[in-house]
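Top to bottom, those sequences are chains A and H. If you read the first sequence in UniProt numbering, its first letter stands for residue 1, the second for the next number, and so on. If you read the second sequence in UniProt numbering, its first letter stands for residue 1, the second for the next number, and so on. Cβ atoms here follow ideal geometry from the backbone N, Cα and C, with glycine treated the same way. This structure is a prediction, so every number in the text was calculated from the model and none was measured.
Number of protein chains: 2
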Amino acid sequence: MTSTSTPAPTIADWRPLAASKRAALAQKIPPDWLLPSFLTSTISEASTQNVLSVPGACGLLSERELDLTTDYDATALVELMATRKAKSAEVVQAFCKRAAIAQQCTNCLTEIMFEEAMARARECDGFLEGEGRVMGPLHGLPVSLKDSFNVKGTQATVGYIANLSLPPAASNSTLVDLLLAAGAVFYCKTNLPQTMMTADSHNNIHGRTLNPHNLSLTPGGSTGGEGALLAMRGSILGMATDIAGSCRIPALCCGVKAFKPSASRVPFGGGVPPGRIGSPSPIAPVIGPVGRSVRDAELIMRTICTGNTWMLDENVLHAPWRRVDPVTRPLRFGLIRGHAKRPLHPPIARALHSAATKLKEMGHQIILLDDQIPDLYETAILAWKFFKLDPKKTAIEMIRKGGEPAVPSLKTAAFKELEGWEASLDELWDMNVNQKKVVKRYHEIFVGQELDAVVMPGYQATAVPHDTYGVTVYTVLQNLINYPSGILPYLKAEKELDQAFFKSDAAYEPPYAPETFEGMPAHVQVMGKPMQDEELIEILKVVEGILAE
Amino acid sequence: MTSTSTPAPTIADWRPLAASKRAALAQKIPPDWLLPSFLTSTISEASTQNVLSVPGACGLLSERELDLTTDYDATALVELMATRKAKSAEVVQAFCKRAAIAQQCTNCLTEIMFEEAMARARECDGFLEGEGRVMGPLHGLPVSLKDSFNVKGTQATVGYIANLSLPPAASNSTLVDLLLAAGAVFYCKTNLPQTMMTADSHNNIHGRTLNPHNLSLTPGGSTGGEGALLAMRGSILGMATDIAGSCRIPALCCGVKAFKPSASRVPFGGGVPPGRIGSPSPIAPVIGPVGRSVRDAELIMRTICTGNTWMLDENVLHAPWRRVDPVTRPLRFGLIRGHAKRPLHPPIARALHSAATKLKEMGHQIILLDDQIPDLYETAILAWKFFKLDPKKTAIEMIRKGGEPAVPSLKTAAFKELEGWEASLDELWDMNVNQKKVVKRYHEIFVGQELDAVVMPGYQATAVPHDTYGVTVYTVLQNLINYPSGILPYLKAEKELDQAFFKSDAAYEPPYAPETFEGMPAHVQVMGKPMQDEELIEILKVVEGILAE
């Protein structure tokens with residue numbers, strides 16, 4: 001599943017190195033958990049099959065394991081373990097099994113730690129038994145991690161061949177330590193794109209992750225392994241990173257929920273960066289959860305931000321999680337319906353329209369913002385300029401160092417407008433002024449119109465064919481202005497219903513292919529106010545509730 | 001009092017423009033409030049006289065006015081007005097008078113708004129009378145402002161000749177609006193240096209502000225007008241800015257208190273920048289109070305940060321002021337005793353030693369950090385590189401545009417090591433890495449040693465002769481790492497007592513001149529943890545109390 005469309009490498013033969021890493025990973029799946037070859041033989045990035053039913057149908061999971069992995073969110077599962085209605089060992093085993101199945105179907109994992117996880121789960125069970133209390137708010141809970149997190153004893157190649165020669169991590173990422181202290185159990189790490197700057201989770205070590213709803217489509221990126229794993233219910237809660245949408249794109253492609261908090265609330269320390277450190281860009285990468293419910297996002301955010309998180313990471317803002325009241329009043333939502341250069345595909349337009357209609361029906365107000373906001377496409381180009389500030393082009397250099405080809409999506413994820421563009425220190429000042437103007441304008445809109453949140457697309461389409469996702473017009477905005485944002489899956493592409501939202505004069509990009517997209521999850525994105533992650537969580541709960549009805 | 005030591009201007013004759021501005025300012029002092037010429041004729045930057053007794057001795061203030069301007073801090077004065085024991089009109093009139101005297105002695109003002117202030121004070125009194133409640137937590141309180149704040153109808157030249165042609169401000173700085181809503185009364189703005197990047201508050205419009213303790217010494221900068229005005233008790237609370245010490249340096253030069261909060265807690269919007277906007281530097285300018293007591297700093301910080309300040313300024317972090325308990329346990333203080341390139345003058349070494357001794361005697365712990373911290377001098381150079389990132393050299397261009405000469409301290413305030421240094425985008429990445437290293441190291445020290453705060457000098461000396469202050473080794477650190485910090489005046493230079501702290505092998509810079517410095521206020525600086533401004537306020541109260549004993 002590795003790319004062969006790019007020129008042959010010039011430095012060393014990376015293929016055996018990558019094959020050896022993949023073989024080592026495959027070895028970590030117990031033979032009992034292997035799918036029969038009649039199932040695996042049909043898996044390919046060209047297949048259009050939906051593999052979501054495989055875990056239930058393959059017979060590898062017991063009824064109890066299917067129940068534990070299917071019928072709960074993390075909050076409920078922690079409650080189940082805290083009240084001794086389930087042991088962490090059985091919960092973790094169930095998720096390990098299901099993750100193994102997800103891996104065989106979608107190629108979503110980069111590291112497998114099933115044995116360590118089972119030992120840890122037994123430790124949690126023993127603690128509860130012995131002490132009569134839970135380890136912490138995540139007691140016994142399996143949590144999956146994007147490959148860029150460091151877990152002691154495990155590699156974090158972040159998809160660079162050059163990193164294959166690095167020894168296993170000697171220490172944990174700060175967040176890993178924090179979640180361990182809260183009782184979490186780590187059992188796998190998940191796939192991502194070479195450079196982490198594309199929406200196709202594809203690299204030359206692990207190859208390409210596939211979308212379990214339709215293997216021929218992208219699971220999104222850069223945290224695409226999490227998206228596929230969660231959709232397969234091989235995880236209940238995963239930790240992602242996001243600098244242009246990397247936590248939200250896999251969620252909207254795979255039909256799960258994501259929460260991108262404001263910058264510097266979740267400790268980012270100790271991970272592996274995909275490029276040069278020391279960027280003068282005002283856009284900070286953030287860590288956020290991908291999962292099944294808004295209350296799970298709240299659980300993990302509260303766990304992370306409670307207490308003195310700054311003690312663990314010098315770059316965390318000391319801004320302890322605030323208690324805010326649930327929403328009991330009508331809310332004012334701004335509505336952004338997209339940009340002419342990336343018009344909404346009919347399924348997304350329908351989902352957005354339906355969501356706005358439902359919110360209105362429930363007494364909330366909708367204020368159309370399309371004509372008030374700064375040009376979304378230009379705003380995204382500005383953001384991407386900030387990602388191109390490194391004169392040393394370190395990410396490209398990392399690829400070169402590994403003697404590996406660039407993955408194809410590196411080309412399609414870039415703005416053509418920035419081809420050949422080179423940053424200068426002088427222009428950086430002007431870029432900052434422009435960034436502040438965008439920040440100011442959204443502030444004026446939120447304050448002037450007394451908005452609580454903005455409902456908008458996270459992407460113009462459902463998941464699309466591999467390597468066609470293109471530029472991230474609708475998700476990079478929230479990084480540029482540092483507003484928190486959540487993705488909620490809502491409706492599915494249904495070509496007959498979607499027809500009403502088809503516009504014959506729209507230049508759909510990538511092309512709208514109703515047959516291909518049929519049944520794929522659609523979504524809405526809800527953007528809150530900066531550093532008011534607490535308030536956004538409450539608003540998301542309201543929207544989640546209304547959309548579920 | 002304008003500089004004549006630099007080359008004559010080449011573009012236009014700036015002198016009549018400046019003289020006209022100064023004349024307009026002088027006109028705003030009521031004739032009744034003018035000091036007799038036998039007093040004013042002795043005022044000069046070469047005079048070593050102490051003018052602190054002038055307000056009491058000149059006969060212009062009534063007993064009541066002397067009492068109101070002398071015997072209270074802002075917290076007490078607000079209480080006095082709220083309980084109708086004083087009217088805002090009499091309080092404001094007293095401070096206007098005293099500010100007029102301070103201006104005649106030290107040349108500390110740039111804008112006078114006495115008439116507007118009296119009208120506003122009467123408005124406050126009327127409100128209390130009519131509504132039976134105060135306007136807000138600063139009801140009726142006179143507050144002075146650095147010139148860089150915008151007040152509707154008033155100029156904000158920030159000391160550039162080129163800005164003299166600008167019309168009066170059409171709107172208020174965000175903070176000005178916020179404080180007005182809290183009941184504040186604005187009555188004057190205060191002097192600062194050309195470019196705001198020197199510690200001599202000296203420009204070609206208003207000339208040089210003098211230190212009221214000794215007119216031949218600097219009042220510090222860039223908020224030097226506030227320092228002089230507060231020392232003269234012509235203000236009870238002033239608002240300063242700080243990017244390398246500008247709020248703290250005038251406090252330590254003039255014997256008043258200062259508090260530099262963490263970045264982005266106080267709204268910075270709507271002011272006049274001294275240079276180019278859009279800097280990619282990680283060092284953000286902050287606003288902080290200069291005043292008489294730590295509880296006044298708390299009063300103003302709580303007033304500013306309570307509620308949804310973000311609604312007023314898109315760059316404010318939504319981090320509402322937290323209630324923290326007063327300190328009741330022994331504290332752990334780090335102690336930094338200086339750098340060999342800027343050894344502490346004996347009065348400062350004695351003040352620091354005495355403060356540490358007193359803290360220890362009261363049961364607090366002192367941990368010596370000198371050998372653990374990154375090189376302070378190199379750290380300061382790194383910070384100053386960030387101030388030199390503008391390829392367009394906008395500040396220099398502003399001077400050129402006005403056809404005015406540079407003030408002499410622009411040379412002495414610069415690191416010789418950076419002469420000819422030009423920033424590049426590539427080096428900026430490395431500078432950021434180095435900045436993060438410094439941040440990480442101080443974090444390790446604070447966390448590893450379980451420190452509550454660090455006691456250190458804010459400068460190696462008391463106030464020094466004009467144009468000799470030099471580089472800001474001890475105050476720019478807190479900006480580079482974004483730690484909050486306070487200045488507390490403590491002890492005075494007494495050459496006989498200081499003798500014990502004299503080191504014959506120390507290269508004092510600027511030179512130690514015991515006769516010149518005799519009687520000048522010494523100080524300590526107390527640095528807290530980032531975004532824990534609330535905790536630092538409580539710690540400062542403890543130190544303030546112990547040092548007062």
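Within chain H, partners of residue i - CB distance below 7 Å
| i | result |
| --- | --- |
| D430 of chain A | G278 |
Under 9 Å from the C-beta of residue i: neighbouring residues of chain A
| i | result |
| --- | --- |
| S424 of chain H | P391 and L425 |
Residue closest to residue i, alpha-carbon to alpha-carbon, out of the options
| i | options | result |
| --- | --- | --- |
| T83 of chain A | A:P167, A:V151 and A:P137 | A:P137 |
| L299 of chain A | A:L34, A:K541, A:L17 and A:K28 | A:K541 |
| H443 of chain H | H:G334, H:E378 and H:F501 | H:G334 |
| F259 of chain A | A:L312, A:I243, A:P193 and A:E45 | A:I243 |
| P408 of chain A | A:M531, A:T218 and A:V473 | A:T218 |
| L488 of chain H | H:K388, H:H318, H:D296 and H:T303 | H:D296 |
| I283 of chain A | A:K388, A:I537, A:S20 and A:D313 | A:K388 |
| T412 of chain A | A:R400, A:V471 and A:E378 | A:V471 |
| C124 of chain A | A:T157, A:A57 and A:V78 | A:V78 |
| E90 of chain H | H:A119, H:A102, H:Y377 and H:Q104 | H:A119 |
| P530 of chain A | A:H339, A:L497 and A:P484 | A:P484 |
| T309 of chain A | A:E361, A:I348, A:L175 and A:L68 | A:L175 |
| N163 of chain H | H:L52, H:E397, H:A102 and H:A461 | H:E397 |
Cβ of residue i within 7 Å of any chain A Cβ
| i | result |
| --- | --- |
| E129 of chain H | no |
| V433 of chain H | yes |
| V438 of chain H | no |
| T4 of chain H | The predicted position of T4 of chain H is uncertain, since its pLDDT is 42 and thus under 50; a value taken from the coordinates is nonetheless stated next. Output row for T4 of chain H: interface = no. |
| L175 of chain H | no |
| M311 of chain H | yes |
| M197 of chain H | no |
| E538 of chain H | no |
| Q532 of chain H | yes |
| L317 of chain H | yes |
| E535 of chain H | no |
| M81 of chain H | no |
Residue-level contact to chain C via CB, residue i, 7 Å cutoff
| i | result |
| --- | --- |
| E450 of chain H | The chain inventory of the structure shown lacks chain C, comprising the protein chains A and H. |
Local conformation of residue i per DSSP, three classes
| i | result |
| --- | --- |
| C188 of chain A | strand |
| I277 of chain A | coil |
| T4 of chain A | With a pLDDT of 42 at T4 of chain A, under the threshold of 50, the predicted position of this residue should be treated as unreliable, though the coordinate-derived value follows. Three-state result, T4 of chain A: coil. |
| S173 of chain A | coil |
| P465 of chain H | strand |
| I243 of chain A | coil |
| I546 of chain H | helix |
| H364 of chain A | coil |
| H523 of chain H | strand |
Chain H contact for residue i (CB, 7 Å cutoff)
| i | result |
| --- | --- |
| E314 of chain A | yes |
| A453 of chain A | no |
Neighbouring residues, chain H, relative to residue i (Cβ below 8 Å)
| i | result |
| --- | --- |
| L477 of chain A | Result: empty, since nearest Cβ-Cβ is about 15 Å, beyond 8 Å. |
| V447 of chain A | M311 |
| P267 of chain A | Neighbours of P267 of chain A on chain H: none; closest Cβ ~12 Å, over 8 Å. |
7 Å Cβ cut-off: residues of chain A touching residue i
| i | result |
| --- | --- |
| H443 of chain H | E314 |
Legend entry - Validate contact between the stretch 411-423 of chain A and the stretch 280-299 of chain H using beta carbons, cut 8 Å, 3 pairs: no
Inset, instruction - Evaluate the contact criterion for the stretch 213-230 of chain A versus the stretch 243-257 of chain A: three or more CB pairs, one atom per stretch, below 8 Å. - result: yes
Legend entry - contact_flag[the stretch 506-513 of chain H, the stretch 203-210 of chain H] where n(CB pairs < 8 Å) is 3 or more: no
Inset, instruction - Say whether the stretch 179-199 of chain A touches the stretch 135-150 of chain A, bearing in mind that this needs 3 or more beta-carbon pairs closer than 8 Å, one atom from each stretch. - result: yes
Legend entry - Any 3 or more C-beta pairs closer than 8 Å across the stretch 462-469 of chain H and the stretch 428-448 of chain H: no
Inset, instruction - Count the C-beta pairs between the stretch 306-325 of chain A and the stretch 524-541 of chain A that are closer than 8 Å, then say yes if the count reaches three, no if not. - result: yes
Inset, instruction - For the stretch 11-30 of chain H and the stretch 43-61 of chain H, state whether three or more C-beta atom pairs, one from each stretch, are separated by less than 8 Å. - result: no
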